[in-house]
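If you read the sequence shown in the working numbering, its first letter stands for residue 49, the second for the next number, and so on.
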Amino acid sequence: MAEIRIETKDAVYEPQTFPIRIGRAVDNDIMIRAVGVSDYHAIIENGAEGLEIRNLHEAHINGKKIRSRALLRENSF
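Here it is as structure tokens:
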């Protein structure tokens with residue numbers, strides 16, 4: 049099973065179940081209040097090849113914009 053660790057300035061998250069929604073809004077699974085993060089920013093979910101991130105607004109992985117979804121590789125940020 050894939051593992052993920054998300055670190056923000058306020059907390060560290062190690063979710064065990066998926067999907068998880070990330071964004072600024074209070075009803076997200078992980079709330080990140082930072083410039084550049086939209087209310088509903090992205091969803092991380094299980095895919096055929098491992099954990100995938102799906103763009104809900106304008107998300108970036110390793111400095112590259114995700115057009116729709118991308119496979120999360122080891123040490124992605």
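We treat Cβ as the ideally placed atom computed from N, Cα and C, and that holds for glycine.
In this text, all values refer to a predicted model and were calculated from it rather than measured experimentally.
Exposed unless 16 or more other CB atoms sit within 10 angstroms - verdict on residue i
| i | result |
| --- | --- |
| L119 | exposed |
| A90 | buried |
| E100 | buried |
| V74 | exposed |
| G111 | exposed |
| I98 | Correcting the residue type first, residue 98 is Gly in the shown sequence and not Ile. Exposed, because fewer than 16 other Cβ atoms sit within 10 Å of the Cβ of G98. |
DSSP beta-bridge partners of residue i
| i | result |
| --- | --- |
| E97 | Looking at the DSSP assignment, E97 forms no beta bridge with any residue, so it has no partner. |
| V60 | E55 |
| L119 | E100 |
| I70 | I78 and A90 |
From the options, residue whose alpha carbon lies closest to that of residue i
| i | options | result |
| --- | --- | --- |
| L104 | G95, N94 and V85 | V85 |
| I68 | A96, R102 and K113 | R102 |
| K57 | D77, N76 and A82 | A82 |
| I70 | A96, I92 and E55 | I92 |
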